[in-house]
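Here's the structure we're looking at; comments come further down.
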Amino acid sequence: MTAHVEKHGTTLGLDHRKLGFWTFLASEAVFFMSLIVVFIIYSGRSTEGPGQELLNIPLTAFNTFVLLTSSLAMVLTIDAARRGNQRGLKFWLLMTILMGAFFVGVQIYEYRKLIHEGLTLTSNLFGMTFYTLTGFHGAHVTFGVLWLIATYIKALQGKFGPDNYIPLDVAGLYWHFVDLVWVFIFPIVYLIRW
Amino acid sequence: MATQAEALPAPRVVSWWSTLVDWLTTVDHKKIGIMYVAGALFFLAVGGIEALAIRVQLAGPERAFLHPQTYNEMLTMHGTTMIFLAAMPILAGLGNYFVPLMIGARDMAFPRLNALGLWLFILGSILLYLSFFSGGAPDAGWFAYAPLTTKTYSPHKGMDFWILGLMVTGIASIAGSINFIVTILNMRAPGVKLNRMPVFVWTMLVTSFLIVFAFPSLTVAQVLLFLDRNFGTGFYAAEVGATPILWQHLFWFFGHPEVYIVVLPAFGMVSEIIPVFSRKPIFGYTALVYATVAIGFISFTVWAHHMFAVGLPPVVAYAFGAASMIIAVPTAIKIFNWIFTMWKGSLRLTTAMLFAISFVAMFVIGGLSGIMLATVPVDWQLTDTYFVVAHFHYTLFGGVLLSVLAACYYWFPKMFGRKLDERWGKVHWLLTFVGFNLTFLPMHWLGLDGMPRRIATYGAGLGWDLLNFIATVGAFTIAAGTAIFILNIVVSLRKGEPAGDNPWEGWTLEWATSSPPPAHNFDGLPPVRSRRPLWDAEKKRVLTPDEVRALSTPDEHVHLPPPSVWPLVVAAGITAIAAGLIYTMFVAVIGVLIFLAGVVGWIQQEGYH
Ligand code: HEM
Ligand SMILES: [Cu+2]
Numbered sequence: 001m002t003a004h005v006e007k008h009g010t011t012l013g014l015d016h017r018k019l020g021f022w023t024f025l026a027s028e029a030v031f032f033m034s035l036i037v038v039f040i041i042y043s044g045r046s047t048e049g050p051g052q053e054l055l056n057i058p059l060t061a062f063n064t065f066v067l068l069t070s071s072l073a074m075v076l077t078i079d080a081a082r083r084g085n086q087r088g089l090k091f092w093l094l095m096t097i098l099m100g101a102f103f104v105g106v107q108i109y110e111y112r113k114l115i116h117e118g119l120t121l122t123s124n125l126f127g128m129t130f131y132t133l134t135g136f137h138g139a140h141v142t143f144g145v146l147w148l149i150a151t152y153i154k155a156l157q158g159k160f161g162p163d164n165y166i167p168l169d170v171a172g173l174y175w176h177f178v179d180l181v182w183v184f185i186f187p188i189v190y191l192i193r194w
Numbered sequence: 001m002a003t004q005a006e007a008l009p010a011p012r013v014v015s016w017w018s019t020l021v022d023w024l025t026t027v028d029h030k031k032i033g034i035m036y037v038a039g040a041l042f043f044l045a046v047g048g049i050e051a052l053a054i055r056v057q058l059a060g061p062e063r064a065f066l067h068p069q070t071y072n073e074m075l076t077m078h079g080t081t082m083i084f085l086a087a088m089p090i091l092a093g094l095g096n097y098f099v100p101l102m103i104g105a106r107d108m109a110f111p112r113l114n115a116l117g118l119w120l121f122i123l124g125s126i127l128l129y130l131s132f133f134s135g136g137a138p139d140a141g142w143f144a145y146a147p148l149t150t151k152t153y154s155p156h157k158g159m160d161f162w163i164l165g166l167m168v169t170g171i172a173s174i175a176g177s178i179n180f181i182v183t184i185l186n187m188r189a190p191g192v193k194l195n196r197m198p199v200f201v202w203t204m205l206v207t208s209f210l211i212v213f214a215f216p217s218l219t220v221a222q223v224l225l226f227l228d229r230n231f232g233t234g235f236y237a238a239e240v241g242a243t244p245i246l247w248q249h250l251f252w253f254f255g256h257p258e259v260y261i262v263v264l265p266a267f268g269m270v271s272e273i274i275p276v277f278s279r280k281p282i283f284g285y286t287a288l289v290y291a292t293v294a295i296g297f298i299s300f301t302v303w304a305h306h307m308f309a310v311g312l313p314p315v316v317a318y319a320f321g322a323a324s325m326i327i328a329v330p331t332a333i334k335i336f337n338w339i340f341t342m343w344k345g346s347l348r349l350t351t352a353m354l355f356a357i358s359f360v361a362m363f364v365i366g367g368l369s370g371i372m373l374a375t376v377p378v379d380w381q382l383t384d385t386y387f388v389v390a391h392f393h394y395t396l397f398g399g400v401l402l403s404v405l406a407a408c409y410y411w412f413p414k415m416f417g418r419k420l421d422e423r424w425g426k427v428h429w430l431l432t433f434v435g436f437n438l439t440f441l442p443m444h445w446l447g448l449d450g451m452p453r454r455i456a457t458y459g460a461g462l463g464w465d466l467l468n469f470i471a472t473v474g475a476f477t478i479a480a481g482t483a484i485f486i487l488n489i490v491v492s493l494r495k496g497e498p499a500g501d502n503p504w505e506g507w508t509l510e511w512a513t514s515s516p517p518p519a520h521n522f523d524g525l526p527p528v529r530s531r532r533p534l535w536d537a538e539k540k541r542v543l544t545p546d547e548v549r550a551l552s553t554p555d556e557h558v559h560l561p562p563p564s565v566w567p568l569v570v571a572a573g574i575t576a577i578a579a580g581l582i583y584t585m586f587v588a589v590i591g592v593l594i595f596l597a598g599v600v601g602w603i604q605q606e607g608y609h
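Chains A and B, in that order, are what the protein sequence lines are. Using the numbering used here, the first residue of the first sequence is number 1, and each one after it goes up by one. Using the numbering used here, the first residue of the second sequence is number 1, and each one after it goes up by one.
Set out below in structure tokens:
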């Protein structure tokens with residue numbers, strides 16, 4: 001199909017893949033919105049067991065900072081690709097991956113600690129909603145890291161440059177989206193005292 | 001692989017094996033569309049048989065044709081099948097076939113994603129139906145109300161099949177919608193501006209957006225239910241402080257848009273058919289399009305009209321009631337559009353047109369009963385009675401199915417080069433129309449008389465016997481009509497009257513190519529300067545195929561993407577993962593491996609970038 005597109009251009013002048021991916025993200029947004037709404041509806045309704053007080057806010061605040069910084073690194077990756085700066089591209093992409101992986105690592109650590117302290121998926125409504133919401137987000141970050149690693153391998157082969165950066169752009173869209181979702185989750189789950 | 005259009009002589013003798021491989025690996029939107037429609041018609045028949053079983057059970061009081069458990073399974077699978085495995089895929093299939101043709105495109109924007117959607121639909125449907133062989137089918141209704149669906153009340157694995165089967169077909173719907181949105185927005189031929197697109201294309205666009213925004217809510221509801229059933233959570237368990245009503249909110253936030261997801265493309269199809277057979281352009285194109293978009297928005301604000309009886313605060317209930325009535329306004333606008341299109345037109349009462357006109361009439365009845373139900377106190381009286389069953393069959397059967405049948409008669413010649421037989425078509429129409437009203441009209445009175453829906457039988461002496469019997473007779477009348485339809489298809493595929501490019505004198509772009517169209521759709525396109533590109537305004541008639549050809553500028557080199565087996569592999573992987581979540585993790589692990597292999601193959605395949 002791309003052949004056809006190169007020849008005739010697209011009606012809106014937007015790349016198919018980007019337009020399609022935006023649509024996909026719209027769907028994902030509703031998915032997370034629903035999970036967040038469930039969390040809010042059930043907040044403060046647990047009948048027993050531990051709650052929000054177990055959460056380590058400073059640690060997660062730092063983790064949030066790391067994740068947001070990774071978005072910046074992603075921007076720099078694409079910027080480098082557009083300029084044809086191969087070294088910068090690889091460097092910033094690697095930084096994005098490392099920060100993403102760090103975020104997931106901290107989340108695993110946090111989960112283990114919480115489980116140790118007695119908050120599990122089935123403890124109470126807080127446990128259920130907390131693990132489903134942050135778990136689905138964590139799974140998205142993990143998937144993003146894997147995607148970026150695959151992209152990194154292609155970058156090592158020199159596949160990206162000023163005239164082929166759309167795949168990076170699309171991966172970037174996903175990455176920013178996952179960050180943005182966290183920007184909502186963090187205050188709602190950790191900061192607001194329900 | 002770049003194929004030059006003319007260098008493709010149709011192979012005459014092909015082995016069944018290469019035909020099979022061809023269909024399994026095709027990325028051609030037309031073949032994919034045909035497979036969608038074929039699969040959907042198959043499930044339409046299956047869902048119809050389930051309906052007949054229900055009607056035999058209810059033909060008289062206190063009958064024991066079906067065990068109550070079997071009745072529940074039949075009822076659940078009938079609703080689920082008709083909505084998810086028949087209505088949605090048949091619309092996806094017709095959309096697949098005709099949207100690219102109507103906007104003058106070579107294919108969908110993402111041909112392999114398109115094939116992936118098809119295979120997910122087919123494999124997900126099979127997964128859902130495997131439940132019959134694994135201890136029992138889902139048995140809690142297509143709406144799957146918690147807590148009836150929790151392990152306590154539905155202990156066998158049926159509901160797990162329901163959850164995962166529909167998740168797989170749900171991915172298919174979202175993938176398909178993304179494809180439609182990009183195709184429609186981004187691949188229109190020169191001159192096909194948004195305000196010149198056929199109404200059917202508009203409705204597919206709006207429906208696709210509805211799918212994209214509505215399905216995630218169902219997915220979340222299902223994920224939580226799956227956790228409740230298999231991992232010991234209690235999202236729907238009142239004991240731990242949760243509320244089962246959460247299911248209804250999540251489900252109907254999806255469920256109400258869903259009914260418009262299936263009815264909007266039906267609106268679109270009759271908006272193509274009625275003008276052609278009235279020899280007049282559609283009346284009030286702009287109003288129709290705005291009404292479609294308005295319905296799309298409003299449909300997200302009315303979901304709680306399914307929940308008036310659960311104890312909503314009165315203000316909330318009335319607000320949702322009012323919003324529901326507002327949605328009747330754009331709907332009524334459309335009704336007037338169709339009527340005024342026919343007004344003073346020179347009508348040709350072909351089978352397609354008969355189905356389309358019946359659609360208008362029947363849908364009005366369904367809309368009116370909808371407004372009655374949106375009146376909160378009336379709903380308290382009628383909810384959970386047969387009146388609701390009457391309402392949604394007048395909208396779904398009278399709305400969706402009648403217009404899909406109209407579209408089948410209208411577009412069959414384009415797809416297969418031969419017309420469906422018109423005489424048998426009219427018999428089909430008559431039996432369907434009469435049978436439909438025999439079946440569902442009495443249900444209004446049964447509902448008003450208090451007969452509850454969703455129950456396996458009813459007592460004698462309540463005065464419901466005769467009307468129920470009539471309904472059952474009606475159901476078999478519909479079945480007879482459907483049998484004729486199937487025979488008509490089978491016979492007409494081989495012996496039908498040859499159609500030529502433009503048998504109905506249609507004026508949209510799908511009639512500007514041969515029937516069936518070549519793999520690359522068009523040798524060249526006529527200029528598009530209006531909503532009716534094939535209409536000759538001076539001669540006041542439709543251009544002949546030769547005139548169309550003379551006007552078209554041929555496309556020199558057309559590159560078609562090569563066939564690909566990877567969509568099938570990826571779909572198999574996803575379905576295996578879903579099956580593994582039901583049965584055993586081992587299968588899921590194999591599924592992950594198949595999935596990954598498919599993704600790698602997909603990315604590496606040459607010819608796409
Ligand atoms: C004029 C617009 C409409 C209004 C005001 C309306 C209103 C309603 C209301 C209030 C109910 C809930 C009844 C109850 O359960 O107590 C209902 C049920 C239903 N409606 Fe409509 N409706 C409209 C159009 C449609 C259309 C166009 C469709 C489908 C294409 C549709 C399909 C359904 C279905 C499937 C149900 C039953 C769901 C279930 O409980 O299983 N409706 N409608
Ligand atoms: Cu509704």
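From the three backbone atoms N, C-alpha and C, an ideal C-beta is built for every residue, glycine too.
Worksheet item: valine 592/B by DSSP, collapsed to three states: which one?
Response: Secondary structure at valine 592/B: helix, using DSSP grouped into helix, strand and coil.
Discussion item. Quick check on histidine 176/A - is its C-beta less than 8 Å from some C-beta in chain B?
Written reply: no
Fill in: 4 or more residues per run - each alpha helix (DSSP H) lying fully within the region 401 to 438 of chain B
402 to 416
Practice prompt. Please find out if some non-hydrogen atom of ligand 2 comes closer than 7 Å to the beta-carbon of valine 302/B.
Written response: Yes, the beta carbon of valine 302/B sits closer than 7 Å to at least one heavy atom of ligand 2.
Worksheet entry | Between the CA atoms of proline 442/B and isoleucine 470/B - distance to the nearest angstrom | 8 Å
Worksheet item: If you draw a straight line from the alpha carbon of arginine 45/A to that of lysine 151/B, how long is it in whole angstroms?
Response: 23 Å
Discussion item. Against chain B, does valine 66/A count as a neighbour if the rule is that its beta carbon must be under 8 Å from one of theirs?
Written reply: no
Worksheet item: Do you know how far the Cα of methionine 415/B is from the Cα of aspartate 523/B?
Response: 17 Å
Discussion item. Would serine 217/B and threonine 169/B be called neighbours here (beta carbons separated by less than 8 Å)?
Written reply: no
Discussion item. Rounded to the nearest angstrom, what separates glycine 591/B and valine 293/B at their Cα positions?
Written reply: 40 Å
Practice prompt. Spell out whether any CB of chain A is found under 8 Å from the CB atom of methionine 307/B.
Written response: no
Item to complete: Please work out which residues of its chain come closer than 6 Å, Cβ to Cβ, to glycine 176/B, disregarding the five sequence neighbours upstream and downstream, and give them in chain order.
Response: Same-chain partners within the cutoff: Ala92, Gly117.
Item to complete: State the Cα-Cα distance for the pair glycine 141/B and aspartate 160/B, rounded to the nearest angstrom.
Response: 13 Å
Worksheet item: By the 10 Å Cβ neighbour count, where 16 or more other Cβ atoms means buried, how is methionine 88/B classified, buried or exposed?
Response: It is buried - the Cβ of methionine 88/B has at least 16 other Cβ atoms within 10 Å.
Practice prompt. List the endpoints of the continuous alpha helix (DSSP H) containing arginine 549/B.
Written response: Taken as a continuous stretch (DSSP letters only), the alpha helix (DSSP H) holding arginine 549/B covers 545 to 551.
Discussion item. Which residues in chain B have a C-beta closer than 7 Å to the C-beta of asparagine 85/A? List them in chain order.
Written reply: Under the 7 Å cutoff, chain B gives no residues; its nearest Cβ is about 23 Å from asparagine 85/A.
Fill in: Unbroken alpha helix (DSSP H) run spanning threonine 207/B, endpoints
That run of the alpha helix (DSSP H) goes 199 to 230.
Worksheet item: If you scan the region 2 to 90 of chain B from start to end, which runs of the alpha helix (DSSP H) of 4 or more residues do you find wholly inside it?
Response: As far as the region 2 to 90 of chain B is concerned, its whole alpha helix (DSSP H) runs of at least 4 residues are 16 to 24, 29 to 58, 68 to 80.
Item to complete: Would you mind sorting isoleucine 108/A into buried or exposed? The rule is 16 or more other CB atoms within 10 Å of its CB.
Response: Around the CB of isoleucine 108/A, fewer than 16 other CB atoms lie within 10 Å, so the residue is classed as exposed.
Discussion item. On the DSSP letters alone, give me the boundaries of the alpha helix (DSSP H) that methionine 269/B sits inside.
Written reply: 245 to 278
Worksheet item: For valine 27/B, which of Gly296/B, Ala390/B, Thr553/B, His520/B has the nearest alpha-carbon?
Response: His520/B
Item to complete: For the alpha helix (DSSP H) holding phenylalanine 336/B, just list the boundary residues, first then last.
Response: 328 to 342
Worksheet entry | Given 8 Å, three or more beta-carbon pairs between the region 327 to 336 of chain B and the region 388 to 403 of chain B | no
Worksheet item: alpha helix (DSSP H) containing leucine 148/A: first to last residue?
Response: In the DSSP assignment, leucine 148/A falls within the unbroken alpha helix (DSSP H) covering 125 to 156.
Discussion item. Taking 7 Å as the cut-off, is the beta-carbon of methionine 325/B closer than that to any non-hydrogen atom of ligand 1?
Written reply: yes
Worksheet item: Hey, is methionine 128/A's beta-carbon within less than 8 Å of any beta-carbon in chain B?
Response: yes
Item to complete: May I ask you to list the residues that DSSP assigns as paired with threonine 96/A?
Response: Looking at the DSSP assignment, threonine 96/A forms no beta bridge with any residue, so it has no partner.
Worksheet entry | Limits of the unbroken alpha helix (DSSP H) element including serine 125/B | 111 to 130
Discussion item. Taking only three categories from DSSP, how would you classify arginine 195/A?
Written reply: Only positions 1 to 194 of chain A appear in the structure, and residue 195/A is not among them; the question remains open.
Discussion item. I want to verify the contact list: residues of chain D whose CB lies under 9 Å from the CB of asparagine 124/A, in sequence order.
Written reply: Annotation note: the requested chain D is absent from the structure, which comprises protein chains A and B.
Worksheet item: So the alpha helix (DSSP H) glycine 370/B belongs to, where does it begin and stop?
Response: 351 to 373
Worksheet item: Looking at the unbroken alpha helix (DSSP H) that takes in proline 377/B, where does it start and where does it end?
Response: 376 to 382
Worksheet item: Run through DSSP, which three-state label would histidine 4/A get?
Response: Model confidence at histidine 4/A stands at a pLDDT of 39, short of 50, so the residue's coordinates are unreliable and nothing is read from them.
Practice prompt. Tell me, to the nearest whole angstrom, how far the beta carbon of asparagine 337/B is from that of glycine 268/B; I am working on the premise that it is less than 8 Å.
Written response: Contact doesn't hold; Cβ gap of about 12 Å is too wide.
Worksheet item: Does the Cβ of serine 530/B have 16 or more other Cβ atoms within 10 Å, making it buried, or fewer, making it exposed?
Response: exposed
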